[in-house]
């Protein structure tokens, strides 16, 4: 199956700092990437849809100025958590779609666990 | 708004038991239903279902979709402790956007 790499796997930062998480599709071109957040013992909640070369589409309730998404190439999307606070501590997972020809199978990165002190 | 409801929320069984996990959904422009297994990190793909009544099978796991009644089941036979995980059901509507259910937490004990 396709490979999606996410980096870093875990990060600890101080409150007020910004953290960037990268998501790369290693063996295919991902026209669309998705960013999810998962709190402990809860399911994955879609934060935003990232399309290469255009602005991301954010889900209701997700602050676009706080969670900056950039999808500059067909193999890389980044999520930057700006001015992170302890409540932003969560597990962030990206996933990538090959394109509209498939019926929706997504390939997930390994996830990034963010802890904000 | 797309919606996925999974049941039960959690389940504890003995090794060797058979379990059935349920997933019902509401979606605009259904494209596919997917099952994932999540242990400590990101979900791993199990099945993708697009057609009703066709069972997909992988070892001790199998799944089937009913598009008329809008549900799917995931069966695990002869469970093992390694099957302990959260099983996530998700659907895709337009644009490959996945909507997840809350998951079923399965614990298999010796």
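Protein chains in written order, with my numbering: chain A, 96 to 212; chain B, 5 to 114.
Heads up, the beta-carbon is just placed ideally off N, CA and C, and yes, glycines get one too.
All figures in this text were calculated on a predicted structure; none of them were measured in a lab.
Helix, strand or coil at residue i according to DSSP, with G and I counted as helix
i                      : result
residue 182 of chain A : helix
residue 160 of chain A : coil
residue 70 of chain B  : strand
residue 173 of chain A : strand
residue 83 of chain B  : coil
residue 144 of chain A : strand
residue 191 of chain A : strand
residue 58 of chain B  : coil
residue 33 of chain B  : coil
Same chain, Cβ closer than 7 angstroms to residue i, five either side skipped, listed in chain order
i                      : result
residue 211 of chain A : 108, 110, 179, 180, 181, 183, 184
residue 100 of chain A : 119, 121, 204
residue 141 of chain A : 129, 131, 154
9 angstroms Cβ cut-off: residues of chain B touching residue i
i                      : result
residue 221 of chain A : The first residue shown for chain A is 96 and the last is 212, placing residue 221 of chain A beyond what the model contains.
residue 141 of chain A : 101, 102, 103, 104
Neighbour list for residue i in chain B, Cβ cutoff strictly below 8 angstroms
i                      : result
residue 121 of chain A : The premise fails here: residue 121 of chain A is roughly 15 angstroms from chain B at the closest Cβ pair, so nothing lies under 8 angstroms.
Any chain B beta carbon closer than 8 angstroms to residue i
i                      : result
residue 148 of chain A : no
residue 206 of chain A : yes
residue 138 of chain A : yes
residue 129 of chain A : yes
residue 177 of chain A : no
residue 144 of chain A : yes
Close Cβ partners of residue i (< 6 angstroms) along its chain, the five nearest in sequence each way excluded
i                      : result
residue 43 of chain B  : 89
residue 66 of chain B  : 59, 79
residue 11 of chain B  : 26
residue 133 of chain A : 139, 186
residue 69 of chain B  : 37, 53, 56, 76
residue 124 of chain A : 169
Residue i at chain A interface by Cβ criterion, 8 angstroms
i                      : result
residue 41 of chain B  : no
residue 101 of chain B : yes
residue 86 of chain B  : no
residue 63 of chain B  : no
residue 107 of chain B : yes
Chain A residues whose Cβ lies nearer than 9 angstroms to that of residue i
i                     : result
residue 20 of chain B : Under the 9 angstroms cutoff, chain A gives no residues; its nearest Cβ is about 27 angstroms from residue 20 of chain B.
residue 92 of chain B : 138, 139
Proximal chain A residues relative to residue i, where beta-carbon distance stays under 8 angstroms
i                     : result
residue 32 of chain B : Within chain A, no residue comes near residue 32 of chain B; the closest Cβ sits about 13 angstroms away, beyond 8 angstroms.
residue 74 of chain B : The contacting residues do not exist; residue 74 of chain B stays about 16 angstroms from chain A at best.
Contacting residues, own chain, Cβ-Cβ under 8 angstroms from residue i (five flanking each side not counted)
i                     : result
residue 15 of chain B : 23, 25, 108, 109, 110, 111
residue 62 of chain B : 50, 51
Closer than 7 angstroms: residue i CB and nearest the ligand ATP heavy atom
i                      : result
residue 185 of chain A : Because no ligand of any kind appears in the structure shown, any question about the ligand ATP cannot be addressed here.
Counting pairs of beta carbons, one from the stretch 24 to 32 of chain B and one from the stretch 45 to 60 of chain B, are three or more of them closer than 8 angstroms? no
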